[in-house]
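Chemist:
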Amino acid sequence: MSDHRRYFLDHALLYVFSIDIELGLDIEEIGVVPEGARVNLHCVPGSTRAYNIIRERTAAAPGYSAVTGTIVWGEDVGVVREDDVAVPAVRACIRTDDGALIETTYRGNLSLGMGGFRAIVAGADAVGTPDSPVEFHLISTPAYCTADPRYQWLAEYQCVGFGRSFEIDGLFRRVTYDIYAMT
Amino acid sequence: MTTAELCPLFEINCTGHLIGVGSDRAVPGGERFHIEYTAGEFEPAEDLERYFESIGQVLPKERVPLKGEVLSGSDWVLRRSDGALVFDGRLTLGTPQSTVVGRDVADRTQFEEGRHVQARQIVFNAVFSGVAPWRRMRLADGARGPDLAKGVAVALPLRIEASTFAENWASPRFRNLAQNFRPYADLVTVQCLAFGLFKFDGTQAKLTLRACAVQAREEVLKSEQAPNEAPSSPAGTSFAEKEERTGVKGKGKKQTA
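Sequence order for the protein chains is A and B.
Residue 52 in numbering that gives the first Met the number 0 sits at position 53 of the first sequence, with consecutive numbering throughout.
Residue 54 in numbering that gives the first Met the number 0 sits at position 55 of the second sequence, with consecutive numbering throughout.
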């Protein structure tokens, strides 16, 4: 007879900020490597925005400054695996509107659906238009680090991003996330 | 006994800049410098041919020495509070003919047919990470360590990431990428080492690296050999010693394997 725990541990998601990322056309295709198809993507600085959807000035409690700003630099050196799952490997720097620099690194999981890998490698993925991009669900697990005391609280949490990735003409061009801290 | 030998591959020279100038850089454990490399080139190591000669082989014809430009790159350098620099970087290198997919994407027809990856184009990642001493701690004579602006010597593990195989159903661009790198396929399966100089004046960075493949060999010691067995060649020795042993001088007559 097992005497394991019979109740769930407390957990909650705390909304932190949202982010819209524009990916540049300077895509570097490395090709098919043992892990999958490797592609380097870069974000377009300046046109990438971090914002608070409900325009709050603090997140959760006084002293927890809400994050608004732009991504000054970001890259994704992820792979599209043979099992039709894309695994982004991102690192980026956010400059907040009040001058703080926040760095983030994360990996994630994006299901392309059956045949997604083959479509990308075979070049049969030229789907999506600017008016009607193809949408993929994306989950990421960012962690943040900064020297600025106003945003130190962010480093205490493991975050999760619920996002959408948009493909236009077969290229990942835009990603949008809602970032939550897991508490 | 296992010994190791360095096979020179290419030399990388690149320049970059600090991201987010003017920000406080403190992170747990030290200071982080986010560096983006935007320009540079890589050239074949001068003594690559000489190396092949020294081991009694001829540089394969299809293995044209790699030469090209640094397409992009980044390095998140942690200046640790204990006086070490921790590197975590990546450079994307491409041969001159290489066209980064998307830059010339205006012609969609050309893009779809994969013609942007021309016959001789090679694109690959050089991933490096590791630690290098930056400041000696508690020296008895009060001597200081090297100045970052003047340059710090580094020796870092390096890994080459490239495509060496693509299925026949893959698009022409993926097949070309794999086919073009095939003569260098061994580079993605060996551990490489990069050593050189890292300069950083607070806003601008310059990285000079000499990439070498590390070839580990199992050698039979003389004491382990049977009395009538020919002695094995010692490894892990310098080029000069090898020249003396093999009788090949510098860029002299090539020997066949």
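Using N, Cα and C, we set each Cβ at its ideal position, and we do this for glycine too.
So which of Lys66(B), Ser80(B) and Ile18(B) has the shortest CA-CA distance to proline 95(B)?
Modeler: Ranking the options by Cα distance to proline 95(B), first place goes to Lys66(B).
Chemist: With DSSP run on the structure shown, which of helix, strand or coil describes arginine 94(A)?
Modeler: strand
Chemist: Rounded to whole angstroms, what's the CA-CA distance from arginine 149(A) to serine 64(A)? Just pull it up for me.
Modeler: 6 Å
Chemist: Determine, using beta carbons only, whether aspartate 147(A) comes closer than 9 Å to chain B.
Modeler: yes
Chemist: Mind pulling the chain A residues with CB within less than 7 Å of threonine 91(B)?
Modeler: Ordered by position in chain A, the residues that pass the 7 Å Cβ test against threonine 91(B) are Glu27 and Asn39.
Chemist: Would you check if there are 3 or more beta carbon pairs closer than 8 Å linking the segment 29-37 of chain A to the segment 148-165 of chain B?
Modeler: Verdict: yes, contact present.
Chemist: Out of Asp177(A), Cys42(A), Ile26(A) and Ile167(A), which has the shortest C-alpha to C-alpha gap to arginine 90(A)?
Modeler: Cys42(A)
Chemist: Helix, strand or coil for valine 32(A)? Go by DSSP, reduced to three states.
Modeler: strand
Chemist: For the candidate residues Gln151(A), Tyr156(A), Ala125(A) and Phe161(A), whose alpha-carbon lies nearest to that of arginine 172(A)?
Modeler: Ala125(A)
Chemist: Taking only beta-carbon positions, decide if tryptophan 152(A) is within less than 9 Å of chain B.
Modeler: no
Chemist: Is there at least one Cβ from chain A nearer than 9 Å to asparagine 124(B)'s Cβ?
Modeler: yes
Chemist: So if I threshold CB-CB distances at 7 Å, which residues from the segment 101-131 of chain A count as touching chain B?
Modeler: Glu102, Val120, Ala121, Gly122 and Ala125
Chemist: According to the Cβ coordinates, are arginine 40(B) and valine 69(B) closer than 9 Å?
Modeler: It is glutamate, not arginine, that sits at residue 40(B) in the sequence shown. Yes, Cβ-Cβ distance for glutamate 40(B) and valine 69(B) is below 9 Å.
Chemist: Note down the Cα distance separating threonine 14(B) from lysine 205(B), rounded to an integer number of angstroms.
Modeler: 4 Å
Chemist: With three or more beta-carbon pairs closer than 8 Å as the criterion, would you say the segment 159-176 of chain A touches the segment 16-28 of chain A?
Modeler: yes
Chemist: Find the nearest neighbour of arginine 174(B) within the set Ala180(A), Pro141(A), Val120(A) and Gln157(A), judged by alpha-carbon distance.
Modeler: Val120(A)
Chemist: So glycine 88(B) and isoleucine 121(B) are supposed to be a Cβ contact under 8 Å. How far apart are they, rounded?
Modeler: Not confirmed; about 20 Å, so no contact.
Chemist: Is the beta carbon of aspartate 168(A) closer than 9 Å to that of threonine 128(A)?
Modeler: With a cutoff of 9 Å on beta-carbon distance, threonine 128(A) and aspartate 168(A) are scored as near each other.
Chemist: Tell me, which residues are paired with serine 80(B) by DSSP?
Modeler: Note: serine 80(B) sits in no beta bridge, so no partner.
Chemist: Quick one: list the residues of chain A neighbouring arginine 258(B), beta-carbon separation under 7 Å, in chain order.
Modeler: Outside the modelled stretch of chain B, which goes from 0 to 256, sits residue 258(B), for which no answer is possible.
Chemist: For valine 38(A), is the classification buried or exposed, using 16 other Cβ atoms within 10 angstroms of its Cβ as the cut-off for buried?
Modeler: Residue environment: valine 38(A) is assigned as buried (16 or more neighbouring CB atoms within 10 Å of its CB, all protein chains considered).
Chemist: Strictly below 8 Å CB to CB, what residues from chain B border valine 71(A)?
Modeler: Ile18 and Gly19
Chemist: I want to see whether chain A comes within less than 9 Å of alanine 3(B), judged by CB atoms only; does it?
Modeler: Chain A, which has no Cβ nearer than 9 Å to the Cβ of alanine 3(B), makes this no.
Chemist: Whole angstroms is fine: what's the gap from alanine 142(A)'s alpha carbon to proline 171(B)'s?
Modeler: 38 Å
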